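Counting from 105, one number per residue, gives the positions in the sequence shown under my numbering. Notes follow the structure.
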Amino acid sequence: MRREIAPALRGGSPVSWQAWATVAIIVGAMALFVSEKVRIDLVALLVLGSLVVLGIVTPVQALSGFSNEATVTVAAMFALSLGIERSGVLDPLTRLLMKIRKPWLLTLAMMLAIAPLGAFVKNIALVATFLPLALRVCQRTGTSPARVLMPMAYAAQMGGVCTLIGTSSNLLTDSLAQKHGMAGFGVFEFTQLGAVLAVVGITYLMLIGRHLLPKHIDATLPQGSDIGKYVTELEVSEDSPLLGTAIAEARLGEKFNVYPLELLRGERRMWSPREQKLQAGDVLLVRGDWDKIEEFQRQTRLHNAPERRYAKEGEQPRVLAEIMVAPASPVEDRRLAEIGLDWRYRATVLALHRRGEVLRDKLSVTRLAVGDVLLVLVDEDAMAKLRSDETFIVLNERDDSRGMSRKAIVAAAIMAAVVVVSGLHWLPIPIAAICGAVAMALTGCFGRKDVYEGMDWKIIVLLGAILPLGLAIENTGLSTVVVQGAMELVGGHGPLAALLMVYLLTALLTELMGHNPSVVLMVGIAITVAHAVHADPRPFVVAVAFAAATSFATPVGYPTNTMVYYAGGYRFTDFMKVGIPLIAIFCAVSMWLIPILWPFNP
Numbered sequence: 105m106r107r108e109i110a111p112a113l114r115g116g117s118p119v120s121w122q123a124w125a126t127v128a129i130i131v132g133a134m135a136l137f138v139s140e141k142v143r144i145d146l147v148a149l150l151v152l153g154s155l156v157v158l159g160i161v162t163p164v165q166a167l168s169g170f171s172n173e174a175t176v177t178v179a180a181m182f183a184l185s186l187g188i189e190r191s192g193v194l195d196p197l198t199r200l201l202m203k204i205r206k207p208w209l210l211t212l213a214m215m216l217a218i219a220p221l222g223a224f225v226k227n228i229a230l231v232a233t234f235l236p237l238a239l240r241v242c243q244r245t246g247t248s249p250a251r252v253l254m255p256m257a258y259a260a261q262m263g264g265v266c267t268l269i270g271t272s273s274n275l276l277t278d279s280l281a282q283k284h285g286m287a288g289f290g291v292f293e294f295t296q297l298g299a300v301l302a303v304v305g306i307t308y309l310m311l312i313g314r315h316l317l318p319k320h321i322d323a324t325l326p327q328g329s330d331i332g333k334y335v336t337e338l339e340v341s342e343d344s345p346l347l348g349t350a351i352a353e354a355r356l357g358e359k360f361n362v363y364p365l366e367l368l369r370g371e372r373r374m375w376s377p378r379e380q381k382l383q384a385g386d387v388l389l390v391r392g393d394w395d396k397i398e399e400f401q402r403q404t405r406l407h408n409a410p411e412r413r414y415a416k417e418g419e420q421p422r423v424l425a426e427i428m429v430a431p432a433s434p435v436e437d438r439r440l441a442e443i444g445l446d447w448r449y450r451a452t453v454l455a456l457h458r459r460g461e462v463l464r465d466k467l468s469v470t471r472l473a474v475g476d477v478l479l480v481l482v483d484e485d486a487m488a489k490l491r492s493d494e495t496f497i498v499l500n501e502r503d504d505s506r507g508m509s510r511k512a513i514v515a516a517a518i519m520a521a522v523v524v525v526s527g528l529h530w531l532p533i534p535i536a537a538i539c540g541a542v543a544m545a546l547t548g549c550f551g552r553k554d555v556y557e558g559m560d561w562k563i564i565v566l567l568g569a570i571l572p573l574g575l576a577i578e579n580t581g582l583s584t585v586v587v588q589g590a591m592e593l594v595g596g597h598g599p600l601a602a603l604l605m606v607y608l609l610t611a612l613l614t615e616l617m618g619h620n621p622s623v624v625l626m627v628g629i630a631i632t633v634a635h636a637v638h639a640d641p642r643p644f645v646v647a648v649a650f651a652a653a654t655s656f657a658t659p660v661g662y663p664t665n666t667m668v669y670y671a672g673g674y675r676f677t678d679f680m681k682v683g684i685p686l687i688a689i690f691c692a693v694s695m696w697l698i699p700i701l702w703p704f705n706p
């Protein structure tokens, strides 16, 4: 029997100018989110300012997002995730995974490792931790990174949706649901459905999805080129055994697997230096694996030219780190000498790797491209600031002398305590997370300034500024208008059809806007839809949470997708080929299990 649409949605009423203004603001925000020309936090602040100026929300309502439980909890969870990342909890696992040499087995092992960790650790930190590991294994086995990185990014999302604290959109969903009078979700309330979806998703990626991934070794690489080679400058010292030796005689490629590209002698540039005899002060532009270059330096007593150039007396302990030029980075197409790494972080660029190209320019005049990997020597104290810089993604750190074993145990214990205390409802989640962050700071799991400099303030500002948009949608009656139109399509087909509509609309908005803004738009609408079909709103809110936290169809819907988009050399359509079937599978499984786990009529 067809369900009757709720009386409140019949008939309708004229749409106010505030509602039309809210629609215009939403459309403008979506356009800016999709274009990526303006930072997401600035877009949210533009939305907030527009709503206040037009009188759609009051100043008090506009600022309410910054005191919202979800915003506070996300900030505290960032601190906890930072402690896990910095203390070395994941180091034993990464060392174990480094031993795997078969790409398909590495893909499976990484997904099985990342999905459970994603339930408690920030997915961006997980992907940043495992990304260089995957690239090295792909380099050793001659496999395209495209075969490994996309499944890794998807697994991080699958894990994040398994707990309430796994992703910021889950916390935001819970907070908004409580504001509508619903009971809060438990920490592990999503786990049963999330675990089933993760198993189904990993199975799909291993059996079907990996065959839809790019099959080429690397379309951007010419035949016979080496993958993963750095280019750096080495200065010939006065006591080097290479003095007076022609480069061809030294047979550097045969002995060290290091290949000279160019010789710089004063202002002269020699493009074919094989027959040139080396003199003190000559600078060789060489290419090779960094480990090979370091061994070559030691045996031939050469100096790294950039490091020697910026060396100063009384230097602090320094860390050797790999950083990647991030998507939409402001340093794209700028020269190394112009971006100020030396004075901003006291960082010395030792080498540069660009996949698919052999660079032949001096490092200082090389123009950067998205996906370039820089090998930099950084003051230990400046690493936290560098990690928080959206311009770069810190892929890996080497030769970090900090002892992490005790701190790793402490950090893991604190994180476990937060999960247990909040899961047993001994403390509210925000309070438990704040106490855990304080405990990590007091026990030295991260430095005094790390918790502020390593915080992802863009996400926190985004949450605080975008939340009042949900109030605007309700204050103007826009949610009722949207639901009224939707009910004309599916209202007569029962709550399952309405649930499907909510899931698909959320998934579409997530691919366009990102997961947090889509939650803000959809939670109120989902609850109104539930009331319209005389169903409990809880399953509809769950559908919003799961659809928003699993963005697979585009590289811009979720930050982890964007990270691997450039590193894996993917095309936009690669995400669509693999991700759209996965979204359809998740949708089908969710439509089956959500009404069972959260009945329409409890």
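All C-beta atoms in this analysis are idealised placements derived from N, C-alpha and C, irrespective of residue type, glycine included. Computed from a prediction, not measured in an experiment: that's the story for all the values here.
**Report entry** Paired residues, beta bridge with Gly392 - DSSP
**Finding:** The partner list for Gly392 (beta bridge, DSSP) reads Tyr334.
Query - For Gln296, the nearest candidate out of Val693, Arg205 and Arg190 (CA to CA) - result: Closest by alpha carbon: Val693.
Query raised in the report: According to DSSP, is Phe289 helix, strand or coil?
Result: DSSP places Phe289 in coil when its eight states are reduced to three.
Query raised in the report: Is there at least one Cβ from chain D nearer than 8 angstroms to Ile351's Cβ?
Result: No chain D appears in this structure, which consists of one protein chain only.
**Report entry** First through last residue of the alpha helix (DSSP H) which encompasses Arg439
**Finding:** It is not in any alpha helix (DSSP H) - Arg439 carries neither H nor E in the DSSP assignment.
Report task. Counting only runs of 4+ residues fully inside the region 573-597, write out the alpha helix (DSSP H) ranges in chain order. Result -> The region 573-597 contains these whole alpha helix (DSSP H) runs: 582-594.
Query raised in the report: Just checking, does the region 212-226 make contact with the region 531-549 on the three C-beta pairs under 8 angstroms criterion?
Result: Touching, no, given that fewer than three Cβ pairs across the two stretches are closer than 8 angstroms.
Query raised in the report: Do the CB positions of Thr336 and Ala183 come within less than 8 angstroms of each other?
Result: No, the pair does not count as a contact, with Cβ atoms beyond the cut-off.
Query raised in the report: Candidates Thr175, Gly683, Val291 and Arg471: which alpha carbon is nearest Leu528's?
Result: The candidate whose alpha carbon is nearest that of Leu528 is Val291.
Query raised in the report: Which residues in the same chain as Leu152 place their Cβ atom closer than 7 angstroms to its Cβ, once the five residues preceding and following it in sequence are excluded?
Result: Excluding residues within five positions, the ones whose Cβ falls inside 7 angstroms are Ala166, Ala569 and Pro572.
Requested in this report: Would you check if the distance between the CB atom of Met202 and the CB atom of Phe234 is smaller than 8 angstroms?
Outcome: In this structure, Phe234 does not lie closer than 8 angstroms to Met202 by Cβ.
Report task. Report all residues from its chain with a CB closer than 7 angstroms to the CB of Leu701; omit the five preceding and five following residues, and keep chain order. Result -> Here the set comprises Gln296 and Leu297.
Report task. Check whether the region 381-389 touches the region 337-353, taking contact to mean three or more Cβ pairs, one atom from each stretch, closer than 8 angstroms. Result -> Output reads yes: the region 337-353 touches the region 381-389.
Requested in this report: Report back the beta-carbon spacing between Val606 and Val648 to the nearest angstrom; my notes put them in contact at under 8 angstroms.
Outcome: Approximately 6 angstroms separates the beta-carbon atoms of Val606 and Val648; this is inside 8 angstroms, confirming the contact.
**Report entry** Sufficient close CB pairs (3 or more, under 8 angstroms) joining the region 124-134 to the region 617-630
**Finding:** Touching, yes, given that three or more Cβ pairs across the two stretches are closer than 8 angstroms.
Query raised in the report: Taking C-beta to C-beta, are Ala223 and Gly270 nearer than 8 angstroms?
Result: Yes; because the gap between Cβ atoms is below 8 angstroms, this pair is in contact.
Query raised in the report: So, is Asn705 buried or exposed, given that buried needs 16 or more other C-beta atoms within 10 angstroms?
Result: By the 10 Å Cβ count, Asn705 comes out exposed.
Query raised in the report: So what's Lys707 in DSSP terms, helix, strand or just coil?
Result: Nothing can be reported for residue 707, as the shown portion of the chain is limited to 105 through 706.
Query raised in the report: What separation, rounded to the nearest whole angstrom, lies between the Cα atoms of Met262 and Gly305?
Result: Taken atom to atom, the span from the alpha-carbon of Met262 to that of Gly305 is near 8 angstroms.
**Report entry** Run of the alpha helix (DSSP H) containing Val648, from where it starts to where it stops
**Finding:** Per DSSP, Val648 belongs to the alpha helix (DSSP H) from Arg642 to Ala653.
Query raised in the report: Taking Cβ positions, are Val252 and Thr307 nearer each other than 8 angstroms?
Result: In this structure, Thr307 does not lie closer than 8 angstroms to Val252 by Cβ.
Query raised in the report: Relative to the C-alpha of Pro659, which residue among Phe644, Arg642, Lys681 and Pro643 is closest?
Result: Among Phe644, Arg642, Lys681 and Pro643, the Cα nearest to that of Pro659 belongs to Lys681.
Report task. Would you identify the three-state DSSP class for Asp483, choosing helix, strand or coil? Result -> Reduced to three states, the DSSP call for Asp483 is strand.
Requested in this report: Would you mind stating whether Gly288 and Leu686 have Cβ atoms separated by less than 8 angstroms?
Outcome: The answer is no: Cβ separation not under 8 angstroms.
Report task. Look at the alpha carbon of His457 and the alpha carbon of Met487, and state the distance between them as a whole number of angstroms. Result -> Rounded to whole angstroms, His457 to Met487 spans 20 angstroms at the Cα level.
Report task. Leaving out five residues on either side along the sequence, give the residues of the same chain with a beta carbon under 6 angstroms from the beta carbon of Met626. Result -> Leaving aside the five residues that flank Met626 on each side, the residues in its chain whose CB is nearer than 6 angstroms to its CB run, in chain order, Thr610 and Val648.
**Report entry** CB-CB length for Asp145 against Val435, believed under 8 angstroms
**Finding:** With 8 angstroms as the limit, Asp145 and Val435 do not qualify as a contact, their Cβ atoms being about 19 angstroms apart.
Requested in this report: Rounded to whole angstroms, what's the CA-CA distance from Phe360 to Arg439? Just pull it up for me.
Outcome: If you take the alpha carbons of Phe360 and Arg439, they lie about 30 angstroms apart.
**Report entry** Sequence-distant residues of its chain with Cβ nearer than 7 angstroms to Glu417 (five each side left out)
**Finding:** Below a pLDDT of 50, predicted positions are generally treated as unreliable, and Glu417, at 43, falls in that range; the measurement from the model is reported next regardless. Result list for Glu417: empty, nothing under 7 angstroms.
**Report entry** CB-CB length for Ala576 against Val161, believed under 8 angstroms
**Finding:** Indeed they touch by this definition, with Cβ atoms about 5 angstroms apart.
Query - Which of helix, strand or coil DSSP assigns to Val623 - result: Under the three-state reduction of DSSP output, Val623 falls in the helix class.
Query raised in the report: When the Cα atoms are used, what is the spatial distance from Val390 to Val362?
Result: One alpha carbon belongs to Val390, the other to Val362, and they sit about 7 angstroms apart.
**Report entry** Contact under 8 angstroms by Cβ, Ala541 with Ala180
**Finding:** It is a contact, given that the beta carbons lie within the stated cut-off.
Requested in this report: Compute the distance between the beta-carbons of Val142 and Leu275, then report whether it is under 8 angstroms.
Outcome: One thing to note: Val142 has its Cβ no nearer than 8 angstroms to the Cβ of Leu275.
Query raised in the report: Quick one: is Ala415 buried, meaning 16 or more other Cβ sit within 10 Å of its Cβ, or exposed?
Result: Only weak support exists for where Ala415 lies, its pLDDT of 49 falling under 50; the coordinates are left without a value.
Query - Cutoff 7 angstroms; reference Pro599; Cβ partners in own chain excluding five residues on either side - result: Same-chain partners within the cutoff: Val637, Ala639 and Phe704.
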